[in-house]
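Following our numbering, the numbering of the sequence shown begins with 9 at its first residue and continues without gaps.
To start, the structure itself, in structure tokens.
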Amino acid sequence: MFPAYEKGGSLYAGPCRNIPLLELNPSNIDGALRRGLEQNHLITYLGLRFVWTRQHSKNLVILDDLQKIGDPLADACIAEILASGELKRGGDFLESVEAHANSHPSSSCSDLLAFMSRPPDFEVDEDAVEKGKLLFLSLLPISSLALLHLSLIGGFSAPQINKTLNSTGYLTNSNPKSVRLRLFETFKMISDAMTASDFDGPNTSIGGLSPTAINSITKVRLLHAFVRQNLLKKPQTVGIPINQTELIVTSLSFSQNVLLGIESLLGSPLPPQNKSSYVHLWKTISHYIGITSPSLISSPICSTVSLETILITLVRPDRTSEIAAATVLEAVSESPPFKWPRGIHAKICRKVMGLDLSAALGISTFNVTWKVNIRFYIILSLLKIYSTLVSYIGPSYFSNLNGRISRAIMSDIFSDYKTFNGVRGGNQIEKLKRMEEVLEGGKIKRERRFGTVKVWAGAIGFAVGGYIIIRKLT
């Protein structure tokens, strides 16, 4: 499934001699699961290759049970403010919860806010949390591509999750501008989560996360609870929407899949310590997003096993998967900030997902021109040069620069309007207009703010990069 697995399989694959092979595909996998997968069999599925272990079997049972659980704490909180009538259309979820908690100190809203304001029950390595943020932000041009093309578009391969997205219109709206806005809203939450622990002042962090990060995560958690309650009122809803298993899927998409995507684009593995730090960061974020089983995502090994188990149980690409993937590809093609043609995005998808999953999602490059192919390989080369510069100059410099730029763009887009993570309703037309103004006309403003720094960084970067390449070639 992912090119990162092709060089030796997963962490559990090891030598594959004399190991029974079980080839699975979407048509026979459900039958195989009903019969039960035997341990120490080499599994191949949509290009993914790994050995099924005892831990996979345990996770299979755990994840099945977690599909029956939502987020009791946030669900009770949303039910409380909806019953009170304090949430108005266009109002902010978090503001309503804080107001209700102030007037009702013993309420579910107070319990949720108390949970969000204290460190997790498990030990948080704040240095690792900061290093995880440093990895994402220093490699932002690469990590954002992995986030879009593998985490989000690749995530459409799970029809169970697509049902929730389709019912809310999130990322599956036929209007390309609306889809782009949703993508930026998702990135806004992640951008907030990546702010330094002292972003809002010294000694203000909670579990290594800044108050800005906690507020943004709280809004997302409340939105999940609101959507869950709305969907449960519909007779056609089966099971618990946005359940614990789906929350774990989302967390793995933003953690393990981003790491796999970065490695696929660079063509080389990341340092193990960097990967551990990034996974620990998302374990902490996941605690506050409402995940009750952090042990499933507590380390790169645990995350890998959980991801492999989820792929076997939930990934069944169907027609809805193809439509959703095509909708997002259409929305981002020829649009700012990159203005790349669809062929470039399709090539990146096939690079990070592998050919099997890309084909299952209907992502084809049969009509890509030679010019697009050349541009794609130039982009890959530039990403590798950029990664080399980060390692030589230092990730802190690029992390600070990229963090400032991303926050400025998000601030420009959302400064006058509340985002999806905590809003009921809102003026969608005004949001779309604002986004287009920022991405098109706002470019001058951003260049004035960061122009000098970016020009000097680019000049020095390409000079150093050229020198390094010449030294390696000679």
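C-beta: ideal position from N, C-alpha, C; glycine also.
Do residue i and residue j have their C-beta atoms within less than 8 angstroms of each other?
i, j, result
"Ala154", "Gly269", "yes"
"Ser261", "Ile305", "no"
"Leu68", "Leu50", "no"
"Leu273", "Val380", "no"
"His232", "Ile256", "no"
"Ala367", "Phe164", "no"
"Glu316", "His64", "yes"
"Thr292", "Pro403", "no"
Nearest to residue i by CA position, among the options, is which residue?
i, options, result
"Ser218", "Phe192, Leu273, Ser125 and Leu260", "Ser125"
"Leu278", "Asn381, Ile309 and Leu267", "Leu267"
"Ser343", "Glu134, Pro184, Thr61 and Ser146", "Pro184"
"Ser151", "Gln244, Glu46, Tyr394 and Ile27", "Tyr394"
"Arg324", "Ile27, Glu31, Ser35 and Asn26", "Ser35"
"Gln75", "Ile299, Leu397, Arg383 and Gly370", "Ile299"
"Val59", "Thr396, Val313 and Asn375", "Val313"
"Cys85", "Ile77, Ser115, His64 and Asp100", "Ser115"
"Val336", "Ile417, Leu173, Asn375 and Val235", "Leu173"
For residue i, is the classification buried or exposed, using 16 other Cβ atoms within 10 angstroms of its Cβ as the cut-off for buried?
i, result
"Ser224", "buried"
"Leu187", "For the record, residue 187 in the displayed sequence is Val; it is not Leu. By the neighbour-count rule (16 or more Cβ atoms within 10 Å), Val187 is buried."
"Ile478", "In this prediction, Ile478 scores a pLDDT of 47, lower than 50, which makes its location untrustworthy; no coordinate-derived value is stated."
"Thr377", "exposed"
"Lys15", "Confidence at Lys15 is low in this model, with a pLDDT of 37, below 50, so the placement of that residue should be treated as unreliable; the coordinate-derived value is given next. That one is exposed."
"Val105", "buried"
"Arg43", "exposed"
"Ala82", "buried"
"Arg358", "buried"
"Gln252", "buried"
"Ser259", "buried"
"Asn410", "buried"
"Lys66", "exposed"
"Glu31", "exposed"
"Gly93", "exposed"
Between which two residues does the alpha helix (DSSP H) harbouring residue i extend?
i, result
"Ile169", "Pro167 to Thr176"
"Glu88", "Pro80 to Ser92"
"Phe207", "Run containing Phe207: none; DSSP gives neither H nor E here."
"Thr245", "Segment: none, Thr245 is in no alpha helix (DSSP H) and carries neither H nor E."
"Leu240", "Pro219 to Leu240"
"Ser114", "Note, Ser114: premise wrong, no alpha helix (DSSP H); not H, not E."
"Ser272", "Gln264 to Leu274"
"Leu315", "Pro308 to Leu322"
"Ser186", "Pro184 to Ala201"
"Leu278", "It is not in any alpha helix (DSSP H) - Leu278 carries neither H nor E in the DSSP assignment."
"Leu397", "Trp378 to Ile401"
Looking at the secondary structure, which residues open and close the beta strand (DSSP E) in which residue i lies?
i, result
"Arg57", "Leu56 to Trp60"
"Glu31", "Leu29 to Leu32"
"Ile51", "His49 to Tyr53"
For residue i, collect the residues of the same chain with a Cβ closer than 6 angstroms to its Cβ; drop the 5 residues on either side in sequence, then sort them by chain order.
i, result
"Asp200", "Thr220, Ala221 and Ser224"
"Val461", "With a pLDDT of only 48 at Val461, under 50, the local geometry of the prediction cannot be trusted, and the value read off the model is given with reservation. Correct list: empty, nothing qualifies."
In its own chain, which residues sit with a C-beta less than 8 angstroms from the C-beta of residue i, not counting the 5 before and 5 after it?
i, result
"Leu319", "Met9, Tyr53, Leu54 and Leu56"
In its own chain, which residues sit with a C-beta less than 7 angstroms from the C-beta of residue i, not counting the 5 before and 5 after it?
i, result
"Glu254", "Ile169"
"Gly140", "Ser285, Tyr286, His288 and Leu289"
"Ser294", "Ser259, Pro302 and Ile305"
"Ser307", "Ser284 and Val287"
Would you verify that the beta carbon of residue i is, or is not, closer than 8 angstroms to some beta carbon of chain D?
i, result
"Leu239", "Within the model displayed, chain D is absent; a lone protein chain is all it includes."
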